[in-house]
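Numbering (this note's numbering), first residue to last: 2 to 751. We put the beta carbon where it would ideally sit given N, CA and C, even for glycine. Values in this document were obtained by computation on a predicted structure and should not be read as measured data.
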Amino acid sequence: MTSTTAKAPAGREPALAEVELLIGGMTCASCAARVEKKLNRMDGVTATVNYATEKARVTYPAGTEVADLIATVVKTGYTAEEPAPAREEPDAEGTHAAGEDPELSALRRRLAVSAALAVPVILLAMIPALQFDNWQWLSLTLAAPVVVWGGLPFHRAAWTNARHGAATMDTLVSLGTLAAFGWSLWALFLGDAGMPGMRHPFELTVSRGDGASSIYLEVASGVTAFILLGRYLEARSKRRAGAALKALLELGAKEVAVLRDGREVRIPAQRLTVGDRFVVRPGEKIATDGTVVEGVSAVDASMLTGESVPVDVTAGDAVTGATVNAGGRLVVEATRIGADTQLARMAKLVEDAQNGKAEVQRLADRIAGVFVPVVLLIAAATAGVWLGLTGDGVAAFTAAVAVLIIACPCALGLATPTALMVGTGRGAQLGILIKGPEVLESTRRIDTVVLDKTGTVTTGRMTLQEVHVTEGADEKEVLRLAGAVEHASEHPVARAIALGAAERAGQLPDVEHFENVPGRGVRGLVEGREVAVGRLFDDVPPELARARDEAERAGRTAVVVGWDGTAKAVLAVADAVKETSAEAVRELRALGLTPVLLTGDNRAVADAVAKAVGIDRVIAEVLPEDKVEAVRRLQAEGRVVAMVGDGVNDAAALATADLGLAMGTGTDAAIEAGDLTLVRGDLRVTADAIRLSRRTLATIKGNLVWAFGYNVAALPLAAAGLLNPMIAGAAMAFSSVFVVTNSLRLRTFR
C-alpha cells in the first residue's frame with residue numbers, strides 16, 4: 002500500500018511517499034486525535050486518522066521508514082500495521098471473506114455475559130420489593146465479574162493511556178465504574194451496607210443519605226453493560242456502513258479461462274496480463290477491462306453502474322471487469338489489469354473519500370481531543386461544589402460519577418465518518434463516486450450547472466434523424482441505395498446513414514465503382530443504378546431544397562440522395578440527444594439549479610439541442626481551451642458553478658468549476674479532473690449525485706447537532722444531580738447508536 006505521491010525538484014525537498022496504516026485499540030474520537038497529533042509531530046509527516054474506518058493515511062518524506070511511523074503509534078499506546086496484500090488464492094474453506102470479524106464475536110460474547118449478570122443486579126436495586134435479606138451480597142457476586150471482566154477493555158485502555166499521560170473516553174468509563182464499585186465495596190465491608198435486612202431505594206436523580214449504607218453496584222454493572230451494548234451496536238453498524246466498499250472490492254471474478262495455443266486454461270484472475278485473450282461464457286463475470294475480439298452478447302453492468310438494462314456488445318466494443326456476460330460466448334482481450342481497471346479505480350476513489358475528513362469533522366476531532374480532560378475537571382468541580390454546599394458525600398460522589406459517565410464524546414467522533422462511509426458506499430452502488438468529503442460542501446452551494454453538449458447531453462455519435470423523399474420515390478429504396486454507397490465510406494456522416502439505412506431498410510446491397518468526391522460526397526453503382534449522395538446535384542426539386550434548408554437551420558447535416566442524375570431525397574443527420582437528457586434537465590431545475598449548455602458547435606446546432614432538452618442559456622462556438630474562460634465568466638457573475646463533461650477538452654473546465662462531475666463513459670483525463678464521477682453515461686445521474694451529496698451532508702450536520710447538543714445539555718443535568726449515573730450510562734451509549742443508525746438511513750437512498 003506504499004506509493005510515491007509527489008516528487009519535488011532535485012536538491013530542494015525530498016520525495017514524499019504515502020502509506021495507509023490499520024490502527025488498532027482506538028475506542029473513541031479522542032484516541033484518533035491523539036494518534037494523529039503524535040504522527041504529525043514527526044518531521045515532514047502529514048497524517049489523517051479516521052476513527053470510523055480505523056485507518057491512518059500518512060504522507061512522509063523518503064528518509065522516514067514505515068517502521069518509524071508504526072513505532073510512533075505503538076508508543077502512543079495503540080497498534081499499527083500495513084494492510085495485508087490481496088491474496089491470490091481464496092482460503093481453503095472459502096470462509097475468509099464471509100466469516101464474522103473475530104473482534105465483533107468476542108465483543109458480543111463479553112456483552113452477553115455482562116448483560117446476563119447485570120440485569121438481576123439492576124432489578125434488585127430498582128425494585129425494593131425484590132430485596133430480600135442479604136440481597137446486596139448476591140448483587141456483589143453478580144456485579145464483580147461484570148465490572149472486572151466485562152469492563153476489562155475499558156480499564157486496560159485507560160491504564161495504557163494513563164501511562165502515556167493521556168485521558169480518553171475509556172478513562173471516564175473506567176473511573177466512573179471503578180469509583181462506583183470501590184465505594185460499594187467500602188460500604189459493604191467497612192460500613193453498614195452489608196448488614197442483613199438492608200434496603201436500598203432507587204431514585205432517578207442524585208440521592209442523599211448516609212455514605213456508609215449506600216451501594217452503587219447497579220451503576221457499576223449497568224453502565225458497563227450499557228456501554229458494551231453501545232460498543233457492540235456501533236461496531237456492527239460500522240461494519241454495515243463499510244459493507245458497500247467491501248462488496249465493491251469483492252465484485253471481481255476469481256478465476257478466468259485464458260486462451261493458450263488455442264486451448265482454454267483456467268488461472269486466478271490476478272495472473273492476467275495485458276494482451277491476454279480470455280473466454281467469457283454466458284452468466285460468467287468478465288475478469289478485467291478489455292476489448293471484445295470475438296462474439297456477440299449483452300453485458301449486465303448493473304453492479305457497477307446501477308443501470309439495469311444490459312448493453313449489447315460485439316467485436317471491437319470495450320467491456321469492463323466485474324460486469325456479467327448475459328448473452329453469448331465472448332472472447333475478450335485484456336487492456337487493463339490490477340489497479341488500472343475501472344473497478345479498482347472506483348474502489349480507490351470510494352476508499353479515499355471514506356478516509357478523508359470534512360472541515361467540520363476536523364473541528365469535532367479537535368473538540369474531542371480536549372473534551373476528556375475538561376470533563377475530569379468538571380467532575381472534580383462538581384464533587385467539590387456539592388460537598389461544599391450540602392456536606393453530603395454521597396450526593397457529591399453520585400453527581401461526579403454521573404458527569405464522568407455521561408460526557409463521553411463517542412457520538413461526536415462518529416457523526417461525520419459513519420455518514421460519509423454509508424453515503425459514499427451507497428453512491429458506489431448507484432454508479433456515483435464521491436472523491437472526498439469536501440465535495441459535499443460544494444454541492445450545497447452550487448446554483449448553476451454547465452453541461453457539455455457532445456457525449457453529455459447528446460450521444461456523441463451522428464445518427465440518421467429524418468428522411469424526406471420526392472413524390473413517387475420509395476423511402477425504403479432510397480435508404481437501401483444510399484446506405485449501400487455510404488457503407489463504403491469512413492466519414493462519420495456516411496457511417497450514420499449506412500447504420501440508419503440498415504436498421505430501417507434491412508440488408509444493404511453491394512456497391513461497385515465506388516468513388517469519393519472530396520468535399521462534395523460519394524457515388525457508386527448499386528443494382529445497375531448510378532447512385533450519388535452529398536452535394537453532387539446541380540438541380541434539386543423545390544420541396545427537397547426546402548427540407549434541406551430547414552434541416553440545416555435546425556443544426557442538422559443535410560445530404561441529397563439520387564440516382565441517374567435525379568435527386569430523390571434529403572437525409573438529415575445529427576448528433577442525437579440522449580433520451581434521458583430532457584428529464585435530467587427538469588430534475589436539475591427541481592433542485593434549484595440553472596442549466597447552461599456549453600459547446601464548440603455552431604449556434605444553430607447548440608440552440609436546437611438546448612430547445613430539445615429545455616435549456617434557456619447557451620454558450621456556443623467555444624474552442625476547447627476557452628471552456629475554462631466560459632466557466633470563469635459565470636463565476637465572475639457571482640454564480641457557484643458545477644460542470645458536467647466527459648472529454649479531454651473538458652478536464653481543465655472540470656477542475657476550474659466549483660464542482661466537477663465527470664461522466665464515467667468519458668476519458669481518463671476528465672474523470673481525474675472531476676470531483677464526482679458518474680459511472681453511467683446518463684445525465685439523470687447528475688441530479689442523483691447532487692441529491693445524494695446534499696443528503697449525506699444534511700445527515701452529517703444532523704449527527705453533529707445531536708452529538709454537540711447531547712453533550713451540552715447532558716453535562717449540566719448530571720452536574721446538577723438530575724441524573725442517576727446508570728441512566729447517564731444508558732443515555733451515553735445510545736447517543737452513539739443514534740448517530741450510527743441515523744447514518745445508516747442513507748442506505749435507503751434511491
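If you check the CB distance, A81 and L17 do not come in under 9 Å.
Shown here for N162: same chain residues with a beta carbon closer than 7 Å to its own, the five before and five after excluded, namely G78, A168, T169, D171, T172 in chain order. Judged by pairs of C-beta atoms under 8 Å, the segment 320 to 340 touches the segment 269 to 289, as three or more such pairs exist. For D689, the enclosing alpha helix (DSSP H) covers residues 685 to 720. When C-beta atoms of the segment 179 to 189 are compared with those of the segment 100 to 117, fewer than three pairs fall below 8 Å, so the two segments do not count as touching. Setting aside the 5 residues that flank it on each side, V686 is surrounded in the same chain by G432, I433, L679, each with a C-beta closer than 7 Å to its C-beta; the list follows chain order. DSSP places I728 within a helical segment (H, G or I) once states are collapsed to three. Here the alpha carbon of V706 sits roughly 12 Å from the alpha carbon of A714.
By the CB criterion at 9 Å, A720 and T383 fall inside the cutoff.
Beta-bridge analysis with DSSP links W564 to V532, T567. Under the 10 Å beta carbon count, G276 is surrounded by fewer than 16 other beta carbons and is classified as exposed. A check of alpha carbon separations from T292 across D565, I128, V320 identifies V320 as the nearest. Judged by beta-carbon spacing, G501 lies within the 9 Å limit of T464, meaning their Cβ atoms are closer than that value. DSSP assignment within the segment 66 to 152 yields the following whole alpha helix (DSSP H) runs of 4 residues or more, N-terminal first: 67 to 77, 103 to 127, 136 to 146. In this structure W160 is exposed. Its beta-carbon is surrounded by fewer than 16 other beta-carbon atoms within 10 angstroms. Checking the DSSP bridge columns, you'll see A559 partnered with A573. 9 Å or more divides the Cβ of A119 from the Cβ of T28. Annotation: the continuous beta strand (DSSP E) that includes G291 extends over 291 to 295.
By the beta-carbon neighbour count (other beta carbons within 10 angstroms, threshold 16), E37 is buried. For V632, the enclosing alpha helix (DSSP H) covers residues 628 to 637.
In the DSSP annotation of this structure, the continuous segment of the beta strand (DSSP E) that includes P269 starts and ends at 264 to 269. H492 and P519 have their C-alpha atoms some 11 Å from each other.
Here the segment 582 to 597 makes contact with the segment 442 to 462; the two share three or more CB pairs at distances below 8 Å. Here N135 is exposed, its C-beta having fewer than 16 other C-beta atoms within 10 Å. With distances taken between CA atoms, A489 lies nearest to F515 out of I379, A299, L655, F515. By the 16-neighbour rule on beta-carbons within 10 angstroms, N603 is exposed. Residues E553, R554, A555, G556 of the same chain have their beta carbon placed closer than 8 Å to that of A605, with the five preceding and five following residues left out of the count. For Y233, the three-state secondary structure derived from DSSP is helix. DSSP lists K286, D301 as the bridge partner or partners of V325.
Within the model, the alpha-carbon separation for A658 versus A30 is close to 34 Å. CA-CA distance, V423 to L747, rounds to 6 Å. Contact between A732 and I228 does not hold, since the beta-carbon distance rounds to 11 Å and is not under 8 Å.
For G566, the closest C-alpha among the options A380, F750, V541, E551 is that of V541.
The criterion of a C-beta distance shorter than 9 Å is satisfied by E487 and I498.
Under a 10 Å Cβ-count criterion, H165 is classified as exposed, with fewer than 16 other Cβ atoms of the shown protein chains found around its own Cβ.
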